[in-house]
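Asker: Per full-length UniProt numbering, the sequence shown starts with residue 1, numbered consecutively. The C-beta atom is built at its ideal place from N, Cα and C for all residues, glycine as well. Before I ask anything, here is the structure I am working with.
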Amino acid sequence: MVAISNINRSKIKRYLEKFIDELVNEYKGREIVKPDSASEYLSRRSSQGELKPFQASLIPPKLIRINQFERGLSTRLGNSIEECARIIAQDYYPTVHRGYDITAQVSITAFAEAERQKEQYESAAKGGQAKPSFEEMITAMLNARRSDDLEEKQVRADLYIQTDDGRELIFEIKSPKPNKGQCLEILQRLLRFHLLRGDNSAQVQAYYAMPYNPYGSTKADYKWSQALNYLPFEETVVIGQNFWSILGGETTYEELLEIYLEVGHDKSKSMLDSLAFGF
1 MVAISNINRS
11 KIKRYLEKFI
21 DELVNEYKGR
31 EIVKPDSASE
41 YLSRRSSQGE
51 LKPFQASLIP
61 PKLIRINQFE
71 RGLSTRLGNS
81 IEECARIIAQ
91 DYYPTVHRGY
101 DITAQVSITA
111 FAEAERQKEQ
121 YESAAKGGQA
131 KPSFEEMITA
141 MLNARRSDDL
151 EEKQVRADLY
161 IQTDDGRELI
171 FEIKSPKPNK
181 GQCLEILQRL
191 LRFHLLRGDN
201 SAQVQAYYAM
211 PYNPYGSTKA
221 DYKWSQALNY
231 LPFEETVVIG
241 QNFWSILGGE
251 TTYEELLEIY
261 LEVGHDKSKS
271 MLDSLAFGF
């Protein structure tokens, strides 16, 4: 039995085709002018700080345009992954939202405790000391709540799912190679998701979702030191196969990549024609 239905396969394929077409149209019109001379290039000005004299001197303009396209694609790839995740999950869960705002009245004292827990975790990680578990941080934050300092707070989740039995699955879908600051920011957000749910926190599972593993096929293969050190990795991170299996089952990841491959194959000639040959 397939994880991605034929209907959703068609939806995903149409979405990715449009995604590629729009990106190609944005970059194909960019004029990359080869330097006439060193003095000519050095006289240029760029308000965006995009001058690269050594690169521009060596690389043909069409290759530079393709390189810019690839960087733009990498930057926006997360949007395509979030949308594919939403489409897939809708077949398996009654409530699925992308870019979902969670709002609640919360204790300002407890809200500040979430920040303090993040800082303590950072300090322990930097000092090579024992770090609290994610569950311990949640407990400390919830125990800090008061009833006389309530204020409305809102936190946005990249992907929100409610299951048939009322559990909430909340995902921050980010890069598999985050820097230290990004790790700590996500940790704080995951804590806040639990705080906003208050007494129903036990019904919440909040994750840092890495859509692929740059080191291999299993979570044990993962080696990025920043995430391993500055996140409660085993408790909060789902990566590659782990993530996609939650959304649609064991074969979801492989089936989704097959769709990406199909679109890449179908669009490869038009991408090259538009970006490199000017058609």
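Leaving out five residues before and five after E113 in sequence, what residues of the same chain have Cβ atoms less than 7 angstroms from its Cβ?
Answerer: A140, M141 and A144
Asker: Please report how far the alpha carbon of D149 lies from the alpha carbon of T109, in whole angstroms.
Answerer: 7 angstroms
Asker: Please classify Q55: does DSSP put it in a helix, a strand, or coil?
Answerer: Here Q55 carries a helix assignment [DSSP, helix/strand/coil].
Asker: Note down, one range per segment and in chain order, each alpha helix (DSSP H) of at least 4 residues found wholly within the region 19 to 72.
Answerer: 38 to 42 and 53 to 58
Asker: DSSP on D149, reduced to helix/strand/coil?
Answerer: coil
Asker: Identify which residue in I161, T236, P132 and Q205 has its Cα closest to the Cα of L247.
Answerer: I161
Asker: Taking G231 as part of the alpha helix (DSSP H), name the residues at either end of that continuous run.
Answerer: For the sequence presented, residue 231 should be read as Leu rather than Gly. Boundaries for L231: no alpha helix (DSSP H) harbours it, and the DSSP string shows neither H nor E there.
Asker: Please report how far the alpha carbon of K11 lies from the alpha carbon of I88, in whole angstroms.
Answerer: 10 angstroms
Asker: Per DSSP, D91 is paired with what?
Answerer: According to DSSP, which records beta bridges pairwise, D91 is partnered with nothing at all.
Asker: Quick one: what's got a C-beta closer than 8 angstroms to E235's C-beta in the same chain, skipping five residues either side?
Answerer: Excluding sequence positions up to five before and after E235, its CB lies within less than 8 angstroms of the CB of S133, F134 and E135, all in the same chain and listed in chain order.
Asker: When the Cα atoms are used, what is the spatial distance from F171 to F19?
Answerer: F171 and F19: Cα-Cα distance of roughly 22 angstroms.
Asker: Could you work out which residue in N6, P94, E262 and R45 is closest to R167 when comparing CA atoms only?
Answerer: P94
Asker: Shortest alpha-carbon distance to Q90 belongs to which of D164, L23, D101 and A56?
Answerer: D164
Asker: Closest by CA to D101, which one among L159, Y41 and L184?
Answerer: L159
Asker: Closer than 7 angstroms by C-beta to V204: which residues in its own chain qualify, once you throw out the five before and the five after it? Chain order, please.
Answerer: Excluding positions up to five away in sequence, the list reads E168, I170, F193, H194 and R197.
Asker: Within its chain, find whatever has a CB closer than 7 angstroms to the CB of R51; leave out the 5 residues flanking it on each side and keep chain order.
Answerer: Strictly speaking, residue 51 in this sequence is Leu, with Arg absent from that position. Cβ within range, chain order: R44.
Asker: Among the residues of its own chain, which have a CB less than 6 angstroms from the CB of residue 283, if the five just before and after it don't count?
Answerer: There is no way to answer for residue 283, as the model of the chain reaches only from 1 to 279.
Asker: Which class does D199 belong to by DSSP, given the choice of helix, strand or coil?
Answerer: helix
Asker: Run the CB neighbour count on V2, radius 10 Å, all protein chains shown included, and call it buried at 16 or more, exposed below.
Answerer: exposed
Asker: Pull up the distance between the alpha-carbon of S217 and that of Q241, whole angstroms please.
Answerer: 7 angstroms
Asker: For F171, which of helix, strand or coil comes out of DSSP?
Answerer: strand
Asker: Less than 9 angstroms between the beta carbons of L23 and G72, yes or no?
Answerer: yes
Asker: Is Y15 near F69, with beta carbons less than 9 angstroms apart?
Answerer: no
Asker: In terms of residue numbering, what span does the beta strand (DSSP E) encompassing Q205 cover?
Answerer: V204 to M210
Asker: When DSSP labels each residue in this structure, what does Y121 get in the three-state scheme?
Answerer: helix
Asker: Can you list, in chain order, the residues of its chain with a C-beta nearer than 8 angstroms to that of L256? Leave out the 5 residues immediately preceding and following it.
Answerer: I4, I12, C84, I88 and W244
Asker: In this structure, does DSSP put V2 in helix, strand or coil?
Answerer: coil
Asker: Once the 5 residues before and after Y253 are set aside, which same chain residues still bring their CB inside 6 angstroms of it?
Answerer: Excluding positions up to five away in sequence, the list reads Q241 and W244.
Asker: When the distance is taken between beta carbons, is E82 closer than 9 angstroms to I173?
Answerer: yes
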